[in-house]
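Here is the structure we will look at.
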Amino acid sequence: MVRLSGDLDGPRVAVEDSLGRPNGGPARYPPNGEYSQPLLAGESDLDVRSKYQDLLPEHESPRASPGKLAIGFTVTMLVIALGMWVYQPKLHRRGQLAVDTGYVDQSAGVGRLPFMGYNTWNAYWCNINETVVLENARLMKSLGLKDVGYEYVGVDDCYSEKQRSSAGDIVANKERFPSGMKKLTDEIHSLGLKAGIYSDSGWFTCQLYPGSYGNEERDAKLFQEEWGFDLLKYDNCAIPFDSVMKEGMVGKFTRMAKALSDLSKKTGKPQMLFSLCQWGREEPWLWARRLGHSWRTTDDINASWGSITDLLNRNSFISWASDFFGHNDMDMLEVGNGDLTYDEAKSHFTAWALMKSPLVIGTHLQGASKETLEILKNKEIIAINQDPVVGPGITPFRWGINPDWTYNWTHPAQYWSGRSENGTVFMLVSVDRSSCHPLALFLSILPAT
Ligand code: GAL
Numbered sequence: 001m002v003r004l005s006g007d008l009d010g011p012r013v014a015v016e017d018s019l020g021r022p023n024g025g026p027a028r029y030p031p032n033g034e035y036s037q038p039l040l041a042g043e044s045d046l047d048v049r050s051k052y053q054d055l056l057p058e059h060e061s062p063r064a065s066p067g068k069l070a071i072g073f074t075v076t077m078l079v080i081a082l083g084m085w086v087y088q089p090k091l092h093r094r095g096q097l098a099v100d101t102g103y104v105d106q107s108a109g110v111g112r113l114p115f116m117g118y119n120t121w122n123a124y125w126c127n128i129n130e131t132v133v134l135e136n137a138r139l140m141k142s143l144g145l146k147d148v149g150y151e152y153v154g155v156d157d158c159y160s161e162k163q164r165s166s167a168g169d170i171v172a173n174k175e176r177f178p179s180g181m182k183k184l185t186d187e188i189h190s191l192g193l194k195a196g197i198y199s200d201s202g203w204f205t206c207q208l209y210p211g212s213y214g215n216e217e218r219d220a221k222l223f224q225e226e227w228g229f230d231l232l233k234y235d236n237c238a239i240p241f242d243s244v245m246k247e248g249m250v251g252k253f254t255r256m257a258k259a260l261s262d263l264s265k266k267t268g269k270p271q272m273l274f275s276l277c278q279w280g281r282e283e284p285w286l287w288a289r290r291l292g293h294s295w296r297t298t299d300d301i302n303a304s305w306g307s308i309t310d311l312l313n314r315n316s317f318i319s320w321a322s323d324f325f326g327h328n329d330m331d332m333l334e335v336g337n338g339d340l341t342y343d344e345a346k347s348h349f350t351a352w353a354l355m356k357s358p359l360v361i362g363t364h365l366q367g368a369s370k371e372t373l374e375i376l377k378n379k380e381i382i383a384i385n386q387d388p389v390v391g392p393g394i395t396p397f398r399w400g401i402n403p404d405w406t407y408n409w410t411h412p413a414q415y416w417s418g419r420s421e422n423g424t425v426f427m428l429v430s431v432d433r434s435s436c437h438p439l440a441l442f443l444s445i446l447p448a449t
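The UniProt record's numbering numbers the first residue of the sequence shown as 1 and each following residue consecutively.
Dropping the structure here:
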């Protein structure tokens, strides 16, 4: 007898004895829907279906004989195949057989993997200038961070004048960036790195500098064509009321996605990496993949273990959303900042990497400790984040202290697993502070068989 985990539609019949008879008389329909379906030698699925039809509830009973079903099935498949064959060229011509990637052009490979880089916000907030940016860019190279994959050097909020020019353009702050943005990106590029800039999808940025709402095309051109940036982080402050936008949150971010896409089509240059920062307020993991390469899933991180467990907890429920060309952005790293202990910083970095978040350094690289650099340069962890073969990150399979699938910002899921090109990845997070155990995180990879 062959035992199969088969597929009768709807609730499943529990069959247990060796003759293939339902165990204990009439079949029951287990509430959990499990079943195993025995086939006797030479018996087809259809034979089994007809044998047990009396046990199936009324609405599930096969209405036709197995023979008729088989003929009906074959004819249906032939009709579908013929339809597809006839229709296929038209679909190809219209590009509809390709996966719908929206405004994201995947051809140049931009944003296929979680992006890695540096950003000024967590370390400097508004206290930025060209010296600070270039100093960190040079340190990325000299400290070996570039060599392990960190690529983008991002300027965050507060780089511009408070007013646009009379022509309507954003103007780089004359005191902080006296040499101008083109000079800055040229220097960054000459180090073999890429450059990132920041704007906002509303009227103003969060620190009240000009936002891009209504100026999307103009600003996209300024950022990429005139200033030479390669990445745009796009925030969500000071947004117009819906009665003004009349296109909602998705429409508002679509404006810039379209501007970046149109610009790239016009210039022939790869699209800027588009990093949406909507703080997870309207479930961007459901719609932002068609607009950009990553989307912030939460409010801002801070350099405390409570913030790390909070973000881990929130992201545990949407870990399925990251894959090639679209990643949950768990926010920039706090490794090297605040009062995070060595173990906490390691756990933070490992979780972000294995969950396929962008890895964006946010500390002062000048004076970064040996431990900070050791964490940021952990090649084995980075290799999982940058896996060229497996797109999705790890997901929780058990919570531990907290009951499974429940929300608890101090006690997020503790047992995680996922795939990598080299086998299975496990992540165990200790969140029990009361036991005085180090908040360490262990990882092991089993070779693929
Ligand atoms: C927040 C954003 C931060 C930072 C800040 C700048 O909305 O989440 O990462 O960019 O704005 O004002």
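No residue lacks a Cβ here, since even glycine has one placed at the ideal position from N, Cα and C.
This one's a predicted model, so the numbers in the text were calculated from it and none came from an experiment.
The C-alpha of Cys237 lies about 7 Å from the C-alpha of Asp200.
In this structure, the CA atom of Gln366 is about 7 Å from the CA atom of Asn136. Judged by DSSP secondary structure, Lys174 falls outside any alpha helix (DSSP H); it is assigned neither H nor E. If you draw a straight line from the Cα of Gln163 to the Cα of Leu260, it is about 23 Å long. With respect to the 9 Å criterion, Leu373 and Leu333 are not classified as neighbours on the basis of their beta carbons. Relative to the non-hydrogen atoms of the ligand GAL, the Cβ of Lys233 comes within a distance shorter than 8 Å of at least one. Taking 8 Å as the cut-off, one finds no heavy atom of the ligand GAL near enough to the beta carbon of Tyr118.
For Arg419, the uninterrupted beta strand (DSSP E) segment begins and ends at 415-420. Under the rule that a run must span 3 or more residues, the beta strand (DSSP E) segments found entirely inside the segment 278-313 read 294-296. Short note on Tyr152: C-beta not closer than 8 Å to any heavy atom of the ligand GAL. Ser165 and Trp121 have their C-alpha atoms spaced approximately 25 Å apart. With a cut-off of 8 Å, the C-beta of Asp310 is classified as distant from the ligand GAL, since no heavy atom of the ligand falls inside that distance. Of the residues assessed, Arg296 falls on the buried side of the cut-off, its CB having 16 or more other CB atoms within 10 angstroms.
Residues of the same chain with a CB within less than 7 Å of the CB of Asp329, apart from the 5 flanking positions on each side, are Ser275, Ser294, Trp295, Arg296, Thr297, Ser357, Pro358 in chain order. Taking C-beta atoms under 8 Å as the contact rule, Arg176 and Asn215 fail to qualify, at a distance of about 21 Å. Going by beta carbons, Gly196 and Asn119 fall inside the 9 Å limit. Below 8 Å, enough C-beta pairs join the segment 136-153 and the segment 109-119 to call them touching: three or more. Lys194 carries a strand assignment under DSSP once its states are collapsed to helix, strand and coil. Cβ-Cβ distances below 8 Å link Glu187 to Leu134, Ala137 in the same chain, with the five nearest sequence neighbours on each side left out; the list follows chain order.
C-alpha of Gln271 to C-alpha of Leu291: approximately 11 Å in a straight line.
Where Gly248 is concerned, the enclosing alpha helix (DSSP H) starts and stops at 248-267. Here the segment 348-356 makes contact with the segment 306-323; the two share three or more CB pairs at distances below 8 Å. By the beta-carbon neighbour count (other beta carbons within 10 angstroms, threshold 16), Trp416 is buried.
The alpha carbon of Phe253 has as its nearest neighbour, out of Ser243, Thr267, Gly168, Glu282, the alpha carbon of Glu282.
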